[in-house]
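Protein sequences appear in the order of chains A and B.
Residue 194 in my numbering sits at position 194 of the first sequence; the count goes up by one each step and never skips.
Residue 1413 in my numbering sits at position 413 of the second sequence; the count goes up by one each step and never skips.
No residue lacks a Cβ here, since even glycine has one placed at the ideal position from N, Cα and C.
Worksheet: one structure, shown below.
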Amino acid sequence: MDLTLKVWRQKNREAAGQMVTYPVKGISPDMSFLEMLDVLNEDLIVRGEEPIAFDHDCREGICGMCSLFINGRPHGPERGTTTCQLHMRHFNYGDTITIEPWRAAAFPVHKDLIVDRSAFDRIQQAGGFISVNTGGVPDANEIPIPKTIADKAFDAATCIQCGACVAACKNSSAILFVSAKVSQLALLPQGKTERKTRVENMVAQMDLEGFGSCSNTGACAVECPVGISMENIDMLRREYIGAKATSENL
Amino acid sequence: MILDSKIPEGPIAEKWDKHKFDVKLVNPANKRKYDIIVVGTGLAGASAAATFGELGYNVKAFCFQDSPRRAHSIAAQGGINAAKNYQNDGDSVFRLFYDTVKGGDYRSREANVYRLAQVSVNIIDQCVAQGVPFARDYGGLLANRSFGGAQVSRTFYARGQTGQQLLLGAYSALNRQIAYGKVKMYPRTEMLDLVMVDGKARGIVVRNLITGAIESHSAHAVVLATGGYGNVFFLSTNAMGSNATAAWRAYKKGALFANPCFTQIHPTCIPVSGGYQSKLTLMSESLRNDGRVWVPKTVEMAQRLRKGEIKVADIAEADRDYYLERKYPAFGNLVPRDVASRNAKLVCDEGRGVGASGLAVYLDFADAIKRDGQAAIAAKYGNLFEMYEKITDENPYERPMRIYPAVHYTMGGLWVDYNLMTTIPGLYAAGECNFSDHGANRLGASALMQGLADGYFVLPYTIGDYLARMPYEKVSTDHPAFKEAEQAVLAKNNLLLSINGTRTVDDFHKELGLIMWEHCGMARNEEGLKLAKQEIRRLRDEFWRDVKVTGVNEELNQTLERANRVADFFELGELMVDDALNRRESCGGHFREESQTPENEALRDDENYAYVAAWEFTGVGNEPILHREELEFENVKLTQRSYK
């Protein structure tokens, strides 16, 4: 198939960016979206032009490295799909496709389609862990966890930290991402001792990073490639209000 | 050079405990005087860096991704082994040890493997304490499943994303140390050289992938946990960024590289579909718990199927050949990966393969769905089925999956002793980037186990022994050795940028990959390997004459990043071929066509090849020197592997 791509090009964080149009030809419907960009990049390199920089790594939909805002949606038109698992069969011959980086003040652009998502790491460093040293822990079966709780914790833990929720939100809120980690650890018995300080610290860091407030529109959950549920946001709110009311942050 | 494995004396079950007592300790107050560099933050690197931080060392951790949580450990699907015997099905540390040594076709080091089985038990406890949400049964206890090469259920799992959950556990432990200031994290930073001072590893030179700045970092010890080199084949199940550069440049500084030709070919990958394809996707081995592998009984029927004259459903039960169940009744579809891969190749070579290319076999869930219901199968493997459908546009609940073997894991890597130290003092290698635990073939659910064992429970002990013997003085990055290495790295980058030829990096990489797959892949022979060596040399010369790398060093430049990695793959590819040529026997995933039993099984030659082949660098284009570490099997008798 032949397509027209409109791609955001930006040399670095300081430079102004612009949309550049590239026609691409002979794309197979079985190609992934990133393979289609590979084909374009090979062509650009041979012509001596700079290829388009974009983030990607596992190409199996699990590492969370790929991003891309495609035709106004994070990870493109398919629900429950990362960009690397999006295939060209979902587009039509002759389509014009607009490709942009995640747009959020807290995710500055490094180059072209690559953004800096280190804010997510810092939010987790603020408390998204269980404080336990290696060794000296109890036997794994010593604390049984009801299957329903374990499954719920697992569902929250599947977040791949790609940032689609932020990109989808009109306020660029990171609340779905933060709520997933808070829920996972709040649900598990092992995470309960730091439950209150964790949610307070993570939310404080989230605000510090410049993410916006929750817009309550639910776009984050709709666009999440791994189906993180808005139930987690409810849980985060309960956790946060409860923690603030009886704060242990001394 | 004499390879001293430093295996402790005594009965195998007591070696590690005795060694832990014998190693020197660093006083807690002195730990803060030592700096450790960890390169790579997957399961091995993140767990090591976090644990060093917990102990009190100053740690600098590096990864080329934008976050440690993207390391390719994340993609492991099926599970992690541990000899917990929660199922009361006869498992034990010794049985896990035995299965692993046998599964590796007797080419791993007994003492290391035994230790791995021992600490496997602690790994599960550790991960659960960190909040890793393993699968549980209705009583709230941990669930298990089986993996290839074992007859017990010892694999712990988190649906089809065990790697992600374990990595997130290690990443959170790492984050905790970053928050405490004990670990300084350098993401989007790639190691491009190892720096040695007075014969010891004392630092690294890196490129900041955002600014292109070439920087030096000094430490008392350096740990490489940089994963495997399967991407030498271009098409593999590895992440696109997985590379050999850090380990390879350490090799060029004097670390020996062991068993480079031992590549694991994973039997259950989605088949190749077109020349543009950038990577292969694995379907977890755990699927073989419920999926049955088959091809049509006759070539004629397979041909009609490929032409579309008949459909899968038209093939009667009696016309299907469940070849694994037929040939290996005891293990059936759960034979180890090398056996499953080789048999898939055999039936496809016979002309009985399915799919348009004929290079695929069926993995069929119809019986399991009939037996347990679709909901039960979806609960066990749902995300894997979805992944398959996304890529192939076929619904695996309705028709069988098509699968074919693909390059997956590399058992070769930097040679290490029992302490995981390479032949360079102060340079350690952990996880997939060392050679020690998997022999010639890795059993499923063992990679995660080794990564975490090395990081959480081995290195934190053994590195202390080394540091306790050395002075606190730090080497400044102004030292001439650092400046020299920085200059060399920059010169190489500038050379790559200046060639301005006509072919892209990927173009070269794909051609190299085809040579490797054709001649050093699932089956090899003397003639093909000799041809491959010439071809690699020809292509490497062409690369340095005709590659086109755009942009400059001083900014984010993904083409330059890839060019450096592919340049190293050319040199590594040749070493893999040298190693394969030297090893005139079949073992594990390394199948020399000249060495097979009448039933086409791998035929080992223990008389002549029961050794680790550790290669010493002598210059690009020169023949490397072979050093042998003889393997002794005192606890698992050397026998022909049989899964019948």
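Run through the region 1558-1636 of chain B for me and flag every whole alpha helix (DSSP H) of 4 or more residues, listed as ranges in chain order. 1558-1582 and 1606-1609
Would a C-beta distance cut-off of 9 Å place B:Asp-1478 and B:His-1220 closer than the cut-off? no
Might you give, ordered along the chain, the residues of its own chain that have their beta carbon closer than 6 Å to the beta carbon of A:Met-1, omitting 5 neighbours on each side? Ile-27 and Tyr-93
Going along chain A, which residues have a C-beta under 9 Å from B:Arg-1159? Phe-154 and Thr-158
Pull the bridge partners of B:Cys-1364 from the DSSP assignment, please. Here residue 1364 of chain B turns out to be Asp, not Cys, going by the sequence shown. Answer is B:Arg-1292.
In the DSSP assignment, find the alpha helix (DSSP H) that holds B:Gly-1528 and state where it starts and stops. 1526-1546
Using a 10 Å radius around the Cβ and a threshold of 16 neighbouring Cβ atoms, would you call A:Ile-228 buried or exposed? buried
Using only the alpha-carbon positions, how far apart do A:Tyr-22 and B:Arg-1641 sit? 56 Å
Among B:Gly-1203, B:Tyr-1362, B:Gly-1227 and B:Arg-1371, the one whose alpha carbon lies nearest that of B:Ser-1216: B:Gly-1203
Uninterrupted alpha helix (DSSP H) stretches inside the region 1245-1271 of chain B (no shorter than 4 residues): 1245-1252
Can you tell me whether B:Ile-1178 is buried or exposed? The criterion is at least 16 other CB atoms within 10 Å of its CB, across all chains shown. buried
Spatially closest choice to B:Ala-990 from B:Arg-1524, B:Met-1522, B:Thr-1639 and B:Val-1489, by CA coordinates: This structure gives no information on residue 990 of chain B, because the portion of chain B shown stretches from 1001 to 1644.
Taking 9 Å as the threshold (C-beta atoms), are B:Ala-1258 and B:Ala-1481 in contact? no
Looking at the secondary structure, which residues open and close the alpha helix (DSSP H) in which B:Ile-1463 lies? 1459-1468
Since B:Ser-1286 contacts B:Gly-1426 with CB under 8 Å, what's their CB separation in whole angstroms? With a Cβ gap of about 39 Å, B:Ser-1286 and B:Gly-1426 do not count as contacting.
Measure the Cβ-Cβ separation of A:Asp-95 and A:Phe-107 and say whether it is below 9 Å. no
Just list the residues that DSSP pairs B:Thr-1189 with in beta bridges. Per DSSP, the beta-bridge partners of B:Thr-1189 are B:Asn-1208.
Which residues of the region 1375-1396 of chain B have a Cβ closer than 9 Å to any Cβ of chain A? Give them in chain order. Asn-1383, Glu-1386, Met-1387, Lys-1390, Ile-1391, Thr-1392 and Asp-1393
Using a Cβ distance threshold of 8 Å, determine whether the region 198-212 of chain A contacts the region 125-140 of chain A, with at least three qualifying pairs required. yes
Kindly identify the DSSP beta-bridge partner or partners of A:Glu-100. A:Phe-69
Excluding five sequence neighbours on each side, which residues of the same chain lie with their C-beta closer than 7 Å to the C-beta of B:Tyr-1388? Ile-1270, Met-1283, Pro-1396 and Met-1401
With a cut-off of 9 Å, does the C-beta of A:Asn-141 fall near any C-beta of chain B? Taking 9 Å as the CB threshold, A:Asn-141 lines the interface with chain B.
For the alpha helix (DSSP H) that B:Val-1121 lies in, which residues bound it at each end? From DSSP, the alpha helix (DSSP H) with B:Val-1121 extends over 1110-1129.
Check whether chain B comes within 9 Å of A:Ser-183, counting only Cβ atoms and requiring the distance to be less than that. no
Where does B:Arg-1326 land, buried or exposed, given buried means 16+ other C-beta within 10 angstroms? exposed
Mind checking whether B:Ala-1602 and B:Phe-1617 have CB atoms under 9 Å apart? no
Could you name the residues of chain A that B:Leu-1556 contacts, counting a contact when the two beta carbons are closer than 8 Å? Asn-12, Ala-53, His-110, Lys-111 and Ile-114
Run the CB neighbour count on B:Glu-1014, radius 10 Å, all protein chains shown included, and call it buried at 16 or more, exposed below. Around the beta carbon of B:Glu-1014, fewer than 16 other beta carbons lie within 10 angstroms, which makes this residue exposed.
Residue-level contact to chain A via CB, B:Glu-1054, 9 Å cutoff: yes
Would you mind telling me which residues of chain A sit closer than 7 Å to B:Pro-1028, beta carbon to beta carbon, in chain order? Under the 7 Å cutoff, chain A gives no residues; its nearest Cβ is about 13 Å from B:Pro-1028.
If you reduce the DSSP assignment to three classes, tell me which class B:Ala-1076 lands in. coil
Quick check: B:Gly-1439 and B:Tyr-1643, are their CB atoms within less than 9 Å of each other? Against a cut-off of 9 Å, the Cβ pair of B:Tyr-1643 and B:Gly-1439 comes out as no contact.
Can the beta-carbon of B:Lys-1297 be found less than 9 Å from the beta-carbon of B:Leu-1235? no
By DSSP, does B:Pro-1405 sit in helix, in strand, or in coil? strand
May I ask you to list, following chain order, the residues of the region 1269-1283 of chain B that have a beta carbon less than 9 Å from some beta carbon of chain A? Ser-1273, Gly-1274, Tyr-1276, Gln-1277, Ser-1278, Lys-1279, Thr-1281 and Leu-1282
Strictly under 9 Å for the Cβ-Cβ distance: is A:Ser-173 near chain B by that measure? no
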